[in-house]
């Protein structure tokens, strides 16, 4: 019998033939090695938090206020001492000249007023910001000398939570701008500051003269161009605190006068309260700074901050990092030896007999005397505690005995009363069985008994 034929159940088809189509690039992608995962960004161990003069001045403790140590009063030179000339334009779009070659004093006296905000029309490049030499080499004051005035309140803004000036101000607001800030941002920031002050909030201005700390490499408060800030105040009037103060609402005054650490100028402006005493936060800020200086030897946080700041300053000045690391290692060894010489700080070396034999210094002797005094005081406290416990136990036992005796007395008294009541009850039953008149003491009175006896006769 011939074998039966079987129909094929599997059919082979090329991957590149229709209806299935796969790009050849996809096959190459499978063969290509996979990309390595990107490493996580390293965290920055140093704090980059800015200092708020308003909050520092109102602080009730000096703990954590060590950044104020590097801030000092800053009084810019009067505008009359500047020889720089500027031009005043209509605005950033309409560059028609209103006044030409104005001195800073003329600009301050004739044009800047309450509600008239001064801003620079042409921005400064970021690559030249923060370096006095680059600013002078590129002749930035001559190129960026066109200014304009903005009427406060003309820009769209959304100022919420206004506070009526009665006994206190509203929430603190912050305004930060740089020399390289765009003109649109500068206009908006100053206009919002005007609105915040009008609605009762104090505004803290932070005018920074250099770029971010990462680009500087030196860290906060370690600027090398010490002449940069006076030079900027002399050639860029919109960065001056006195020009900003005059452009704010009428009656605005300094709550905290300008302070600087060499690269940032900070000050607080606000309207005075209608009711209440005036508080000069500048004096209070100086008191907080003095208190931090007094507690500096005991303040570990401030000490570590000063050490790291000094190290960053040395790195910025060209000191090799290896040298600083070696010094830190030696200081750590010295601290470790000092800790080892004090048994209560030994840590894991507490049971090391070799180190214990070597500790014959004055610190060890003083520590032994101190520990002996502590042990004696502890022993006295324990003895006193034992005596107090014994007295308390005696009083407790005495109270228990008194309670037991009282309970026994009450029990005996109850038994006596019960027996007496039983006898009275039995006596009453016997009296009821006898005829009347025989018992004279049946409780009805002697006269009644005598009358009953006469009638019976």
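Residue numbers (the UniProt record's numbering): 1 to 457.
C-beta: ideal position from N, C-alpha, C; glycine also.
- Cβ-Cβ separation between residue 228 and residue 252: approximately 27 Å, too far for a contact (criterion under 8 Å).
- Under the DSSP assignment, residue 189 falls in the alpha helix (DSSP H) whose first and last residues are 183-198.
- By the Cβ-count criterion, residue 197 is buried, with 16 or more other Cβ atoms from all chains shown falling within 10 Å of its own Cβ.
- Annotation: the continuous alpha helix (DSSP H) that includes residue 143 extends over 140-143.
- When rounded, the separation of the alpha-carbon atoms in residue 89 and residue 114 is 18 Å.
- The beta-carbon distance between residue 97 and residue 179, rounded to whole angstroms, is 23 Å. This is too long to meet the 8 Å contact definition.
- Here residue 133 carries a helix assignment [DSSP, helix/strand/coil].
- Each of 102, 290, 427 and 100 was checked against the Cα of residue 66, and the nearest Cα belongs to 290.
- For the pair residue 84 and residue 63, the CB atoms are not nearer than the 9 Å cut-off.
- For residue 233, the enclosing alpha helix (DSSP H) has its first and last residue at 228-235.
- Shown here for residue 134: same chain residues with a beta carbon closer than 6 Å to its own, the five before and five after excluded, namely 128 in chain order.
- By the C-beta density criterion, residue 263 is buried, having at least 16 other C-beta atoms within 10 angstroms.
- Within the DSSP secondary-structure output, residue 120 pairs in a beta bridge with 147.
- Taking a C-beta distance under 9 Å as the contact criterion, residue 257 and residue 73 qualify as a contact pair.
- If you compare the alpha carbons of 150, 244 and 146 with that of residue 176, the shortest gap goes to 244.
- Under the DSSP assignment, residue 86 falls in the beta strand (DSSP E) whose first and last residues are 85-89.
- Boundaries of the alpha helix (DSSP H) harbouring residue 284: 281-294, taken from the DSSP string.
- Residue 144 sits away from residue 112, with the two beta carbons spaced by 9 Å or more.
- Cβ-Cβ separation between residue 203 and residue 265: approximately 14 Å, too far for a contact (criterion under 8 Å).
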